[in-house]
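Residue numbers (the UniProt record's numbering): 1 to 297. All C-beta atoms in this analysis are idealised placements derived from N, C-alpha and C, irrespective of residue type, glycine included. Here the structure comes first, spelled out in structure tokens, and everything after it is commentary.
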Amino acid sequence: MRELLNAAATRLDGQPAAPSTVQRNRAILHHACEYAVEIGVLSNNPIKATKWKARSKSSAEVDRRSVVNHAQARRLLEAVRRQRPSGERLMAFFAVIYYAALRPEEAVNLRVENVTLPALVWDDDVQKWQEPADDWGELHFNTASPEVGTDWTDDGANRERRQLKGRAEGAWRRVPTPPPLTRILRAHLRNIGPGPGGRLFWGIRGGELASITYRRAWDAARQAALSEAEYASPLAGRVYDLRHACVSTWLNGGVPPADIAEWAGHSVEVLLRVYAKCIEGQNEAAKRRIEQALRDI
């Protein structure tokens with residue numbers, strides 16, 4: 001039983017699995033043993049009687065070296081846009097990860113109905129449609145499409161639609177789109193338009209957007225937008241690092257952690273633990289807020 005538990009806590013490459021994976025696998029084993037007891041195959045559940053602790057995994061904290069600042073992110077997005085033939089279609093994909101903290105498997109599954117953008121307003125002075133003063137939009141979605149491989153899906157597709165990570169089936173997440181992202185999405189819908197099935201992002205032949213496609217585009221953008229030293233570093237080494245950059249920006253901007261956790265699909269506890277090393281200058285800001293509160297009393 002101990003060997004079985006160790007296997008459940010180990011990845012295929014031999015490295016320790018993430019704590020959430022270990023917890024899930026142990027629960028599966030527990031329920032399987034409970035069923036075996038129920039049908040008389042086992043006399044008792046050996047999971048309950050086994051004292052066992054998984055091997056520790058390296059810290060899940062975000063490496064600050066991987067987090068881009070806003071100027072770097074804009075250069076990277078522009079480098080994506082310039083790529084041919086897919087750059088124009090892919091730039092908005094990376095933008096929703098950077099500006100709205102979506103996971104790649106959430107972004108790739110977005111449909112037109114998941115996007116709400118404010119309407120343009122008519123300006124009589126210049127006789128043209130203009131962006132509204134309040135140009136915040138919203139993304140609202142309740143499914144993701146992680147890549148699991150064709151052997152593991154019912155229809156032979158490479159991706160499987162499922163509920164959002166850490167949420168019950170059917171639970172929705174709403175994320176505001178700041179004006180820069182609203183403008184990017186508006187231009188994307190105007191110039192590119194939705195793909196088959198209303199997909200916001202799709203492959204060059206109209207199918208689902210494969211991770212190898214956007215990873216190659218991202219690597220090319222890093223080579224074009226970063227210095228040799230930056231490219232060789234962990235800076236934005238993965239597409240997922242754009243999500244880390246977004247959450248770090250929110251935290252350092254003073255957005256309440258409860259709001260960030262809701263938008264990013266985290267618990268507050270996980271948020272503060274994972275991004276602890278990315279929070280800068282919060283001590284001084286907190287002191288100023290305390291001083292202000294005490295003056296107001």
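With a minimum length of 3 residues, there is no unbroken run of beta strand (DSSP E) contained wholly in the segment 184 to 211. DSSP places Val175 in the strand class (E or B) of the three-state scheme.
Residue Met91 holds the alpha-carbon nearest to the alpha-carbon of Ala187 among Arg26, Arg103, Pro104 and Met91. In its chain, beyond the 5 residues on either side, Pro118 have a beta carbon closer than 8 Å to the beta carbon of Asp134. Going by beta carbons, Trp202 and Gly193 fall outside the 8 Å limit. Judged by their CB atoms, Trp136 and Thr177 are nearer to each other than the 8 Å cut-off. As DSSP reads the structure, Gln130 sits in a beta bridge with Val121.
His31: member of the alpha helix (DSSP H) spanning Pro19 to Glu38, first to last residue. Between Pro132 and the set Ser86, Leu251, Thr182 and Phe93, the nearest pair of CA atoms involves Thr182. When the five nearest sequence neighbours on each side are left out, the beta carbons in the same chain lying within less than 6 Å of the beta carbon of His30 are those of Ile47, in order along the chain. With contacts defined by Cβ atoms closer than 8 Å, Cys246 and Tyr99 form a contacting pair. Within the same chain, Cβ atoms closer than 7 Å to the Cβ of Asn114 are found at Leu139, His140 and Phe141, the five residues on either side in sequence being excluded. The segment 202 to 216 makes no contact with the segment 61 to 75: fewer than 3 CB pairs, one atom from each, lie closer than 8 Å. Beta-bridge partners of Thr10 (DSSP): Pro16. In this model, Asn252 and Ile260 are separated by some 11 Å (Cα to Cα).
The alpha-carbon of Arg215 is positioned some 27 Å away from that of Thr116. Judged by DSSP secondary structure, Gly87 falls outside any beta strand (DSSP E) and instead within the alpha helix (DSSP H) spanning Gly87 to Ala100. Here Arg75 carries a helix assignment [DSSP, helix/strand/coil]. Closest in alpha carbon position to Arg75, among Lys287, Tyr35, Ala32 and Arg222, is Arg222. In this structure, the alpha-carbon of Glu105 lies about 5 Å from that of Ala144. Considering only Ala286, Trp218 and Arg243, the residue with the shortest C-alpha distance to Val80 is Trp218. Check the Cα spacing between Ala171 and each of Glu262, Trp250 and Gly206: the tightest is with Glu262. Per the C-alpha coordinates, the member of Gly237, Val96 and Glu78 positioned closest to Glu88 is Glu78.
Excluding residues up to 5 positions away in sequence, Gly195 and Pro196 lie with their Cβ nearer than 8 Å to the Cβ of Gly206 in the same chain. By the C-beta density criterion, Asn109 is buried, having at least 16 other C-beta atoms within 10 angstroms. Ala144 sits in a strand when the DSSP states are folded into three classes.
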